[in-house]
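Residue numbers (my numbering), protein chains in the order written: chain A, 1 to 206; chain B, 1 to 206.
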């Protein structure tokens with residue numbers, strides 16, 4: 001933003017908005033002036049929504065997904081298959097898998113992946129609680145759905161070493177060409193993996 | 001955003017953010033999850049900054065610019081030329097003109113332009129108070145710096161009709177080719193105006 005702020009209150013609000021990821025000073029100014037044009041209730045509802053969220057939010061004590069209750073609505077749903085656990089990085093991944101409507105098991109939200117560069121070790125993630133969940137019994141399969149980066153692969157391997165003696169089945173989500181994508185534009189690694197991990201042709205339309 | 005929200009508090013906060021201009025559900029989700037990762041003080045500072053702004057903000061009773069005080073720091077500055085008033089649409093325009101450091105007069109913030117399509121008439125804007133400022137005396141020139149749209153031109157003309165009998169000098173900011181722009185890419189109207197409103201060549205570098 002160029003120019004001096006005519007009000008320190010305005011400057012403070014703009015600076016707070018500019019701390020958000022992907023929001024610069026100009027966008028922050030635009031957003032704050034938009035809110036300033038709304039009535040008091042609207043602005044209070046906006047400001048309080050995020051304060052209340054931070055104060056009152058709970059995390060499911062089983063899967064560590066964000067939740068309004070002690071145990072989230074997925075873990076407490078008797079119609080879900082409690083013997084399968086899908087390990088994801090964050091709650092956005094839970095929402096993405098839920099949106100597919102293809103998965104009926106439970107989740108385990110790690111809260112990130114092992115990343116020594118960022119100072120994130122296994123102790124900073126919900127890995128111990130995952131091991132404990134498996135050791136407590138009742139789980140037959142753990143699906144690893146972490147991002148396919150070096151950090152994700154490291155975390156997969158760490159979990160594998162911790163779980164290999166428990167006898168639980170460990171699987172990884174399939175990597176391959178996106179549905180609708182053209183082969184010639186796919187990267188070599190993905191195309192290579194999709195050939196290696198080919199599946200039997202069923203003869204029925206998906 | 002696809003998928004069901006795991007928490008109504010989260011959903012509420014995301015919906016509040018998604019009301020901001022240019023912010024969709026996915027961006028709202030990203031911003032809210034970012035705030036959720038911050039500590040409580042940071043989130044409270046964020047939420048309260050905009051609530052406090054809305055509650056405590058004042059508008060200068062002379063120029064209607066946003067201000068922390070009854071009379072803004074521009075109107076109360078004795079080093080500014082109180083005989084020249086620049087009429088602008090909003091406080092962002094004040095900040096833009098201030099950033100040029102070329103203007104030493106005062107401002108008058110209309111709060112918009114006359115726009116019958118949006119139901120905005122002269123009564124919804126700070127036009128009467130502008131007329132009164134001129135009638136109260138001490139002002140020799142009013143510079144119109146509204147946007148060059150049909151609505152801006154209408155507002156200019158309305159102000160002109162209201163002020164023509166007062167003897168105040170009325171001027172309009174220059175329209176022309178931007179400094180550094182190439183002629184061949186300029187639109188015809190702007191190029192035409194810049195030729196009509198040509199200025200004497202001074203022979204000194206600007």
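Glycine residues also receive a C-beta, built at the ideal position from the N, C-alpha and C atoms.
Practice item. Determine, using beta-carbon pairs with one atom in the region 128 to 135 of chain A and one in the region 145 to 155 of chain A, whether at least three such pairs fall under 8 Å. Key: No, they do not touch.
Exercise for review: Within 10 angstroms of the Cβ of residue 113 of chain B, are there 16 or more other Cβ atoms? Answer buried if so, exposed if not.
Suggested key: Buried, because 16 or more other Cβ atoms sit within 10 Å of the Cβ of residue 113 of chain B.
**Study point:** Rounded C-alpha distance that separates residue 56 of chain B from residue 67 of chain B
**Key:** 10 Å
Review point. In chain order, what residues of the same chain have a beta carbon less than 6 Å from the beta carbon of residue 143 of chain B, not counting five sequence neighbours either side?
Key: 86, 171
Check your understanding: Start and end of the beta strand (DSSP E) containing residue 119 of chain B?
Key -> Element bounds for residue 119 of chain B: n/a, residue is neither H nor E.
Exercise for review: Answer with yes or no whether the minimum CB distance from residue 30 of chain B to chain A is below 8 Å.
Suggested key: yes
Practice item. Return yes when at least one heavy atom of the ligand ZN lies under 7 Å from the C-beta of residue 104 of chain B, else no. Key: Ligands displayed in this structure: none; no statement on the ligand ZN is therefore possible.
Point to revise | Proximal residues of chain A, C-beta to C-beta of residue 46 of chain B below 7 Å | key: Under the 7 Å cutoff, chain A gives 16, 50.
Practice item. Assess, as a yes-or-no matter, whether the region 30 to 45 of chain A is touched by the region 115 to 124 of chain B under the definition of 3 or more beta carbon pairs within less than 8 Å. Key: no
Check your understanding: How about residue 72 of chain B: is its C-beta nearer than 8 Å to some C-beta of chain A?
Key -> True, the Cβ-Cβ gap to chain A drops below 8 Å.
Review point. At which residue ranges does the region 90 to 119 of chain B contain complete beta strand (DSSP E) runs of 3 or more residues, listed in the order of the chain?
Key: Fully enclosed beta strand (DSSP E) runs of 3 or longer: 105 to 109.
Point to revise | Contacts of residue 4 of chain B in chain A (Cβ-Cβ under 9 Å) | key: 73, 95, 98, 99
**Study point:** Any chain B beta carbon closer than 8 Å to residue 66 of chain A
**Key:** yes
**Study point:** In DSSP terms, what residue 74 of chain A is bridged to
**Key:** For residue 74 of chain A, which the question treats as bridged, DSSP gives no partner whatsoever.
**Study point:** Range covered by the alpha helix (DSSP H) that runs through residue 18 of chain A
**Key:** 8 to 18
Exercise for review: Just grab the DSSP bridge partners of residue 59 of chain A for me.
Suggested key: A/66
**Study point:** Neighbourhood of residue 191 of chain B by C-beta distance below 8 Å, restricted to the same chain and skipping five residues each side
**Key:** 177, 183
Practice item. Give the single residue among A/181, A/60, A/50, A/6 whose Cα lies nearest to the Cα of residue 129 of chain A. Key: A/60
Point to revise | Chain-ordered chain B contacts of residue 91 of chain A [CB-CB under 7 Å] | key: Within chain B, the residues near residue 91 of chain A are 6.
Exercise for review: Would you check if the region 20 to 31 of chain A and the region 88 to 97 of chain A touch, i.e. whether three or more CB-CB distances between them fall below 8 Å?
Suggested key: no
Review point. In its own chain, which residues sit with a C-beta less than 7 Å from the C-beta of residue 75 of chain A, not counting the 5 before and 5 after it?
Key: 60, 62, 63, 106
Check your understanding: How would you call residue 201 of chain A, buried or exposed, if buried means at least 16 neighbouring beta carbons within 10 angstroms?
Key -> So residue 201 of chain A counts as exposed.
Review point. Applying a beta-carbon distance threshold of less than 8 Å, which residues of chain B neighbour residue 21 of chain A?
Key: Those within 8 Å of residue 21 of chain A in chain B are 30, 31, 34.
Check your understanding: Which whole-angstrom value describes the C-beta separation of residue 50 of chain B and residue 13 of chain A, a residue pair presumed to lie in contact below a C-beta threshold of 8 Å?
Key -> 5 Å
Check your understanding: So residue 168 of chain B packs on residue 140 of chain B, CB below 8 Å; how close in whole Å?
Key -> 7 Å
Point to revise | Reduced DSSP secondary structure (H/G/I, E/B, other) of residue 175 of chain B | key: coil
Exercise for review: Check distances from the C-beta atoms of the region 181 to 198 of chain A to those of chain B and list, in chain order, the residues that come in under 7 Å.
Suggested key: none
Check your understanding: For the candidate residues B/179, B/83, B/98, B/131, whose alpha-carbon lies nearest to that of residue 158 of chain B?
Key -> B/131
Review point. My guess is that residue 10 of chain A and residue 32 of chain A are in contact by the Cβ rule of under 8 Å, so how many angstroms apart are they, rounded?
Key: Right, the Cβ-Cβ distance comes to about 7 Å (below 8 Å), so this counts as a contact.
**Study point:** Interface flag, residue 62 of chain B vs chain A, CB-CB below 8 Å
**Key:** no
Exercise for review: Consider the Cβ of residue 87 of chain B: report whether some Cβ of chain E lies at a distance smaller than 8 Å.
Suggested key: Note that chain E does not occur in the displayed structure, where the protein chains are A and B.
Review point. Helix, strand or coil: which one does DSSP assign to residue 45 of chain B?
Key: helix
Practice item. Starting from residue 142 of chain B, follow its DSSP beta bridges and name the residues at the other end. Key: B/85, B/170
Review point. Starting from residue 188 of chain B and walking both ways along the alpha helix (DSSP H), at which residues does that stretch end?
Key: 188 to 196
Exercise for review: Please work out which residues of its chain come closer than 6 Å, Cβ to Cβ, to residue 173 of chain B, disregarding the five sequence neighbours upstream and downstream, and give them in chain order.
Suggested key: 145
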